[in-house]
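Going by full-length UniProt numbering, the sequence shown runs without a break in its numbering and finishes at 245. Built from N, CA and C at the ideal position, the CB exists for glycine as well. Bear in mind the structure is a predicted one, so any value in this text is a computation, not a measurement. Worksheet: the structure to be examined is printed underneath.
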Amino acid sequence: FRVSGAQPHLWDPVTGETRILNAFEDNGTLTTLSLEFDKYQSFFIVFEPKDHIKSSGKPNFYETEDIQTLEGPWTVHFDEEWGGPAETIFETLTDWSKNSEEGIKYYSGTASYSKSFDFNGGKGNGKVFLNLGKVKIMAKVWLNGKDLGIVWTDPWRVDITHVVKKGKNDLRIDVVNQWANRLIGDEFKSYDGIINGQWPEWLLKGEKRPSDRFTFSSAWHYNQDSPLLESGLMGPVTISKEIIH
Numbered sequence: 001f002r003v004s005g006a007q008p009h010l011w012d013p014v015t016g017e018t019r020i021l022n023a024f025e026d027n028g029t030l031t032t033l034s035l036e037f038d039k040y041q042s043f044f045i046v047f048e049p050k051d052h053i054k055s056s057g058k059p060n061f062y063e064t065e066d067i068q069t070l071e072g073p074w075t076v077h078f079d080e081e082w083g084g085p086a087e088t089i090f091e092t093l094t095d096w097s098k099n100s101e102e103g104i105k106y107y108s109g110t111a112s113y114s115k116s117f118d119f120n121g122g123k124g125n126g127k128v129f130l131n132l133g134k135v136k137i138m139a140k141v142w143l144n145g146k147d148l149g150i151v152w153t154d155p156w157r158v159d160i161t162h163v164v165k166k167g168k169n170d171l172r173i174d175v176v177n178q179w180a181n182r183l184i185g186d187e188f189k190s191y192d193g194i195i196n197g198q199w200p201e202w203l204l205k206g207e208k209r210p211s212d213r214f215t216f217s218s219a220w221h222y223n224q225d226s227p228l229l230e231s232g233l234m235g236p237v238t239i240s241k242e243i244i245h
């Protein structure tokens, strides 16, 4: 970076985290520092002018190691108004579109995963993270009733350092997918939409629709042979901790 005499800070645009970068070299003209990125990740590097800036030698990034995997079963709640089961049990985390139950296979919307787990704290005092693994397409996380925000991109994790506790913890993960699977599922139901460019009478009159479809669209993008999109929380869901030597 073409800057000198300033303390580098890292700003994470996804998490909102800001922190000092301790390891850098300043030759009086340029500042050189090491950065590590996950897939598709980006940072803002902000320099704060200060006198007598000196690298502390501490690393800018710590390695993490998995210390626990959250296995099944998971209790999962779907929205019945969108064709899903009110409650079901997933022994393992799987893709909704591969499920044999049509209410899950063709489901589009939000499903809530919950489970309790015991945590022993692990070794050391580094930060603790909950890693969601594979998610399609977005998730929101609560731990012990605390809203930890939305996860929508790599590295698919949230910082649980100040929320997780030794002993029993209660976890909830809400996952939302895209609309396509429900549209595809509705193609197997009787049609009650636009015909010859005319809006259906039930829609114009605000009446109950005659079919058991869940969706209505003025555009036709999918049919019975369209491939379903991967959906849901597929994991593995793990807890990791920073390794600080």
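Item	Value
Between which two residues does the alpha helix (DSSP H) containing residue 180 stretch?	180-186
With a 10 Å radius around its C-beta and 16 neighbouring C-beta atoms as the bar for buried, classify residue 37 as buried or exposed.	exposed
Beta-carbon within less than 7 Å of residue 230's beta-carbon, same chain only, minus the 5 sequence neighbours each way: which residues are those?	95, 97 and 136
Which runs of the beta strand (DSSP E) fall wholly inside the stretch 75-142 and span at least 3 residues, in chain order?	88-90, 110-119, 128-131 and 134-136
Quick test of your reading: residue 93 and residue 228, contact by CB under 8 Å. State the CB separation rounded to the nearest angstrom.	Contact flag wrong, Cβ pair sits at about 17 Å.
Between residue 40 and the rest of its own chain, which residues show a CB-CB distance below 7 Å, the 5 nearest in sequence each way excluded?	153 and 154
Quick check: residue 51 and residue 126, are their CB atoms within less than 9 Å of each other?	no
Using only alpha-carbon positions, find the residue among 156, 62 and 128 that is nearest to residue 139.	156
Measure the C-alpha to C-alpha separation of residue 151 and residue 10 and round it to an integer number of angstroms.	20 Å
Below 9 Å between beta carbons: does that hold for residue 21 and residue 8?	yes
Compute the beta-carbon to beta-carbon distance between residue 236 and residue 69, rounded to the nearest angstrom, for a pair I have assumed lies under 8 Å.	6 Å
Confirm, please, whether the CB-CB distance from residue 145 to residue 170 is below 9 Å.	yes
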